[in-house]
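In this text, residue positions in the sequence shown follow the numbering used here: the first is -6, and each later residue adds one.
Ideal Cβ placement from N, Cα and C applies to all residues, glycine included.
Accompanying notes for the structure given below.
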Amino acid sequence: MADLETRNLRYFVAVAEELHFGRAAERLGIAQPPLSRAIKRLEARLGVELLARSGGRVTLTEAGEVFLRESRRALDAVAAAAHRAVRAGRGARRLVLTMKPGGDAGLLPAILAAYEAMPGALPVEIMAGAGDRSAPLRDGRADVGMLHSPYSDLEGLDAESLLVERQVVLLPTGHRLAARPWVRLSDLRGETMPPWPSRPVGSIAGQNVIDVGQLMQLIALGRTIAVVPESVRDVMRQDGVVCRPVLDAPPTTVVLAWQQDNCSTAVAAFVRAATEVAVRAAASPPAGVPATADA
């Protein structure tokens, strides 16, 4: 079988994710007819049908499901090779950690101290932001990430669990639920929330959130609410916002993740430091803020 080009994979992934040739073509910035021809040529080269087309609907075949998963991995590997080469060419070596603001459950200062005390430790650069924090691990922009299971996509990554914590909801002070000491997921039906994987069933997807400051401003204005891990509230304090525990929300686990093919000794040392700190923290948890305290 002839070698496939990354363009073939990008075209297929776009169609497989959109399940619509017109939207995929618009996303790729090309016309629809050449995209359709490219997918047909790809199927002919592979000798299997990847997409079922019926009555204007596009669905993935079993072969298409497999090819989508593997195509994503291949594209991630190509992107990772490019990013790592660029980083290596810049000279100064460093370990890049990706995370959401406050997503370390308070463990990061001790982890950094433990890692930096190890022989040969590299300078640590922190890449913080909203959105999918697993993507930088896959495309090589970051070496390790502090993510939250089950909401982070851990496919293709190795991960070590660090800490399990409950979830809370952030509300504007004038909200109908703000006076309660706690809430349940059923109380949040019909509420507007950021379009995150953790958004409870029955809630309404609001606008995308770029950073913590924007989120807190939207909550204070009564434009949205958010369910977050309990530790995150420590960096989300703002006038006009309160925090209440969600009794029946599933717990989240803070995990340290890295790409499966990463054999870096620096990554291995950082993972070891993080797990040792997590074990000590579990043995002697710090006194927490009462769950009903205002955020």
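So residue i packs on residue j, CB below 8 Å; how close in whole Å?
i, j, result
"residue 239", "residue 161", "6 Å"
"residue 268", "residue 157", "The pair is not a contact, with the Cβ atoms about 14 Å apart (cut-off 8 Å)."
"residue 251", "residue 132", "The pair is not a contact, with the Cβ atoms about 13 Å apart (cut-off 8 Å)."
"residue 88", "residue 137", "7 Å"
"residue 296", "residue 100", "Only positions -6 to 288 of the chain appear in the structure, and residue 296 is not among them; the question remains open."
"residue 43", "residue 1", "The Cβ separation is near 11 Å, so there is no contact."
"residue 241", "residue 170", "In fact, because the Cβ distance is near 14 Å, the residues do not count as touching under 8 Å."
"residue 236", "residue 163", "6 Å"
"residue 220", "residue 142", "With 8 Å as the limit, residue 220 and residue 142 do not qualify as a contact, their Cβ atoms being about 15 Å apart."
"residue 253", "residue 149", "6 Å"
"residue 17", "residue 28", "6 Å"
Residue i: buried (16+ other C-beta within 10 angstroms of its C-beta) or exposed?
i, result
"residue 92", "buried"
"residue 32", "buried"
"residue 280", "Low confidence applies here, because residue 280 scores a pLDDT of 49, under 50, leaving its location unreliable; read the following figure in that light. Exposed, by the Cβ-count rule."
"residue 9", "buried"
"residue 139", "buried"
"residue 256", "exposed"
"residue 37", "exposed"
"residue 116", "exposed"
"residue 214", "exposed"
"residue 59", "exposed"
"residue 96", "buried"
"residue 12", "exposed"
"residue 275", "exposed"
"residue 40", "exposed"
"residue 289", "Nothing can be reported for residue 289: it is not among the residues displayed for the chain, which extend from -6 to 288."
"residue 194", "exposed"
"residue 107", "buried"
"residue 57", "buried"
"residue 126", "buried"
"residue 7", "buried"
"residue 62", "exposed"
"residue 286", "Only weak support exists for where residue 286 lies, its pLDDT of 41 falling under 50; the value from the coordinates is given anyway. Residue 286 comes out exposed."
Alpha carbon to alpha carbon, how far is residue i from residue j?
i, j, result
"residue 66", "residue 54", "19 Å"
"residue 110", "residue 183", "49 Å"
"residue 3", "residue 47", "23 Å"
"residue 146", "residue 168", "32 Å"
"residue 165", "residue 205", "15 Å"
"residue 114", "residue 74", "23 Å"
"residue 90", "residue 26", "42 Å"
"residue 222", "residue 230", "14 Å"
"residue 159", "residue 23", "46 Å"
"residue 218", "residue 203", "15 Å"
"residue 277", "residue 103", "14 Å"
"residue -4", "residue 94", "42 Å"
"residue 186", "residue 216", "9 Å"
"residue 86", "residue 259", "10 Å"
"residue 19", "residue -1", "18 Å"
"residue 154", "residue 176", "27 Å"
"residue 5", "residue 129", "22 Å"
"residue 172", "residue 144", "28 Å"
"residue 119", "residue 14", "38 Å"
"residue 211", "residue 225", "17 Å"
"residue 49", "residue 207", "40 Å"
"residue 189", "residue 30", "35 Å"
"residue 71", "residue 244", "35 Å"
"residue 209", "residue 191", "17 Å"
"residue 51", "residue 21", "17 Å"
"residue 68", "residue 134", "14 Å"
Per DSSP, which one or two residues make a beta bridge with residue i?
i, result
"residue 219", "163"
"residue 238", "161"
"residue 251", "151"
"residue 139", "92, 249"
"residue 173", "Note: residue 173 sits in no beta bridge, so no partner."
"residue 51", "46"
"residue 118", "89"
"residue 186", "198"
"residue 291", "No information on residue 291 is available, as it lies outside the stretch -6 to 288 that the chain covers here."
State yes or no: is the beta carbon of residue i nearer than 8 Å to at least one beta carbon in chain C?
i, result
"residue 188", "Looking at the structure shown, chain C is missing, and only one protein chain is on hand."
- Item | Sufficient close CB pairs (3 or more, under 8 Å) joining the stretch 260 to 270 to the stretch 197 to 206 | no
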